[in-house]
Amino acid sequence: MTASSRSSHVALVTGANQGLGRALVEGLAARMSPDDLVLLTGRNPQRVAEAAREVGALPGTRARVEGRVLDVTDTGAIARLAEELQDRCGGVDVVISNAVARVLPEESQAERADEYIDVSNVATHAVLRSFGPLLRPGGRLLVVASSLGTLGRLPARLHHLFDGASLEQVEQAVESWRSAIHDKTAQEAGWPLWLNVPSKVAQVAAVRAVAAERRERDLATGTLIAAVCPGMIDTATSRPWFSDYSQAQSPARAAQAVLDLVFAEGVDPALYGELVRFGQVLPWHGGTPPVEQDRLLTP
1317 MTASSRSSHV ALVTGANQGL GRALVEGLAA RMSPDDLVLL TGRNPQRVAE
1367 AAREVGALPG TRARVEGRVL DVTDTGAIAR LAEELQDRCG GVDVVISNAV
1417 ARVLPEESQA ERADEYIDVS NVATHAVLRS FGPLLRPGGR LLVVASSLGT
1467 LGRLPARLHH LFDGASLEQV EQAVESWRSA IHDKTAQEAG WPLWLNVPSK
1517 VAQVAAVRAV AAERRERDLA TGTLIAAVCP GMIDTATSRP WFSDYSQAQS
1567 PARAAQAVLD LVFAEGVDPA LYGELVRFGQ VLPWHGGTPP VEQDRLLTP
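Numbering (the numbering used here), first residue to last: 1317 to 1615.
So, in structure tokens, the structure goes:
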């Protein structure tokens, strides 16, 4: 986030009640200024209020922390919050789209598909559409994805749906995938069983689509749009999927690499519009489809 002549900056994190989202809010609030505002958002009013109060009371907190109820599956609510911040603050400086739906190994992937897609993909599209135009020069718009978000994680016959796609085409591909799940034709069409593989690829494709349209002017103003892979994190969402957590990071540790992108001076053009893990680009065409018989997926 590049310093500006404005007296204050505004940051927003979705899915911020706990885990990585909360750690990102804590890091932002510690590194921003007293006049700055960090919005901690989630859909449960009590948890949002408690988390905002607790973060605001931490010894290292400098910026103002405000809890806001936001159900990211309500795209209208995302648009209304963006309009409010435009009217109230004149724009935003940092937006981190972090919300994810929790799915347990014993649950049916198909039965959880709608919620998972709505939280991870439809909401991502809405955040990009609503907050992208509000991003001030020098700002950051980051979507938390994973290393499963590279195109090579999908079978080659599905690559054309996402490679070089516009945001509208990514949305169409996601809805085609959703319909295939409901029609029980997804496996025949080549879609991986595990929801997080197509979902993460679609998230990164959406970021790439928006970034492609803005690249020249954003780089001229030191503005960054990117997807980020925080690596393996010890959270309630991910723990059930792994047998070995010896290499897992705490949420606070995982947040550091993301925060480094937020507060970097200037923007490395090589990172713009890409999937970034620990400051390095994960090649879009890299990766191989995971072995689906093994439920222990790599983050």
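Ideal Cβ placement from N, Cα and C applies to all residues, glycine included. This structure is a prediction, so every number in the text was calculated from the model and none was measured.
Distance, residue j Cα to residue i Cα
| i | j | result |
| --- | --- | --- |
| Asp1430 | Ala1439 | 12 Å |
| Pro1599 | Ile1497 | 28 Å |
| Glu1491 | Ala1373 | 42 Å |
| Val1523 | Arg1456 | 12 Å |
| Gln1563 | Val1578 | 25 Å |
| Arg1533 | Leu1328 | 22 Å |
| Gly1582 | Ala1426 | 42 Å |
| Leu1509 | Asp1403 | 43 Å |
| Ala1571 | Leu1344 | 10 Å |
| Ala1339 | Thr1357 | 13 Å |
| Lys1516 | Glu1484 | 17 Å |
| Thr1317 | Thr1389 | The sequence as given places Met at residue 1317; Thr does not occur at that position. The straight-line gap from Cα to Cα measures roughly 28 Å. |
| Ala1310 | Leu1535 | With the chain running from 1317 to 1615 in the structure shown, residue 1310 is simply not present. |
N- and C-terminal bounds of the beta strand (DSSP E) containing residue i
| i | result |
| --- | --- |
| Glu1263 | In this structure the chain extends from 1317 to 1615, so residue 1263 is not present and cannot be described. |
| Leu1355 | Leu1353 to Gly1358 |
| Val1583 | Val1583 -> no beta strand (DSSP E), and no H or E assigned at all. |
Residues bridged to residue i [DSSP beta-bridge criterion]
| i | result |
| --- | --- |
| Arg1369 | Its beta-bridge partners do not exist; DSSP assigns none. |
| Ser1413 | Val1459 |
| Val1597 | Val1592 |
| Val1329 | Leu1356 and Ile1412 |
| Ile1549 | Gln1565 |
| Ala1542 | Leu1458 |
Given residue i as reference, the closest of the options once Cα atoms are compared
| i | options | result |
| --- | --- | --- |
| Leu1540 | Gly1602, Gly1465, Ala1564 and Arg1452 | Arg1452 |
| Gln1683 | Gly1547, Glu1366, Trp1493 and Leu1467 | In the structure as shown, the chain begins at 1317 and stops at 1615. Residue 1683 is therefore absent and cannot be evaluated. |
| Gly1335 | Ile1394, Ala1367, Leu1353 and Leu1355 | Ala1367 |
| Val1544 | Val1435, Arg1530 and Ser1462 | Ser1462 |
| Pro1421 | Val1517, Val1574, Asn1512 and Val1592 | Asn1512 |
| Ala1580 | Arg1363, Met1348 and Ser1424 | Met1348 |
| Pro1350 | Leu1474, Glu1382, Pro1567 and Thr1391 | Glu1382 |
| Gln1519 | Ile1549, Pro1471, Ala1505 and Asp1479 | Asp1479 |
Residue i - DSSP class collapsed to helix/strand/coil
| i | result |
| --- | --- |
| Val1578 | helix |
| Arg1452 | strand |
| Asp1534 | helix |
| Ser1324 | coil |
Endpoints, alpha helix (DSSP H) assigned at residue i
| i | result |
| --- | --- |
| Ile1497 | Leu1483 to Asp1499 |
| Glu1400 | Thr1391 to Cys1405 |
| Gly1343 | Gly1335 to Arg1347 |
| Phe1447 | Ala1439 to Phe1447 |
Closer than 6 Å: residue i CB and nearest the ligand ADP heavy atom
| i | result |
| --- | --- |
| Ser1462 | The ligand content of the structure shown is nil, which means the ligand ADP is not present either. |
Interface flag, residue i vs chain D, CB-CB below 7 Å
| i | result |
| --- | --- |
| Arg1378 | The chain labelled as chain D is not found in the depicted structure, where only one protein chain is given. |
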